[in-house]
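This note's numbering applies: residue 208 is where the sequence shown begins, and numbers increase by one. Where a beta carbon is used, it is the ideal one built from N, C-alpha and C, also for glycine.
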Amino acid sequence: MIKPYSDDLRERVVAAVGTGESCRSVAARFGVAVSSVVKWSQRSRSTGSVTPDRMGGRRPVILNAHRQFVLEQFQQTPHLTVRGLQALLAAQGVQARAAVARQRQRWKSWQAWLDPSRLVFIDETWIKTNMAPLRGWGPKGRRLKGYAPHGHWRTMTFLAGLRMDGLTAPCVFDGPINGLSFRAYVEQVLIPTLKPGDIVILDNLGSHKSKAVRDAIRAAGARLWFLPPYSPDLNPIEQVFAKIKHWMRIAQQRTIEET
């Protein structure tokens, strides 16, 4: 596992930003990413410290920060129910998303009854012309440096569907997309690939839920299902996108035409 930058370096970077120097200039001077400069500065302002969170291991339990409060409630009311505790925590600003958990469990139970050959998972991801490998080989004890353009790059949006036998309906947009762009993708690229009985599966983005998109998919004889909220892990195309981005980082194409 890569070790985090030292607190000393982080403090010097934050101090440089505090003098009025731009994040991009500070990043170039200290040899770190601009995003790191921004994150360290934000962490310093919000917490007063630049020390990073612990890397790896199990995720902390959300209620750890409220452990004392929960113990006090049980001492006062030993027979306190889960719903009662949930209400008390909600008053403290801690929200439980039981509905989302139920939706995720319901979706997983449905999967056993679905015909995999009918499923079409749709999603989008970004591709940039400044992508570079995240890791590589180098001398032990020395930082491995990579090179990427700063200040001049292009962002593209890649949309595609995933069937059990491979990708379908791939399309690239120059720049980010909105509801109109997604509708155009569905009507002009996705619909011609659909067959009656197919099940199109999307996440819960607002741009995916327009009436025009619903009507177009249903007119093709397909059904439209939405994944539960906060559930990118239930969309297998995410793994495909991760592999594509890995290839793009290795290729290091610097123009849209090359990409």
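With respect to G368, L321 sits apart: the two C-beta atoms are not nearer than 9 Å. Here the segment 215-222 lies against the segment 243-253, with 3 or more beta-carbon pairs under 8 Å apart. Following the DSSP letters along the chain, one finds G368 inside the beta strand (DSSP E) bounded by residues 362-370.
If you keep only unbroken beta strand (DSSP E) runs of at least 3 residues inside the segment 337-406, you get 362-370, 373-381. In this structure, D405 is the residue among E445, D405, P439 with its C-alpha nearest to the C-alpha of A426. Taken in chain order, the complete alpha helix (DSSP H) segments of 4 residues or longer contained in the segment 226-258 are 230-237, 241-254.
Scanning its chain for C-beta atoms nearer than 6 Å, with the 5 sequence neighbours on each side dropped, one finds around C378 the residues L366, Y392, V396, in chain order. Around the Cβ of L387, a 10 Å sphere holds fewer than 16 other Cβ atoms; the residue is exposed.
Taking all protein chains in view, the Cβ of H357 is surrounded by fewer than 16 other Cβ atoms within 10 Å, so the residue is classified as exposed.
Ranked by Cα distance from D372, the first of G348, P285, L296, V447 is V447. Closest option to D215, judged by alpha-carbon separation, among L401, I408, F237, T226: F237.
The alpha helix (DSSP H) runs of length 4 or more contained entirely in the segment 271-323 are, from start to end of the chain, 274-283, 289-298, 305-318. Here the C-alpha atom of V233 lies approximately 18 Å from the C-alpha atom of P211.
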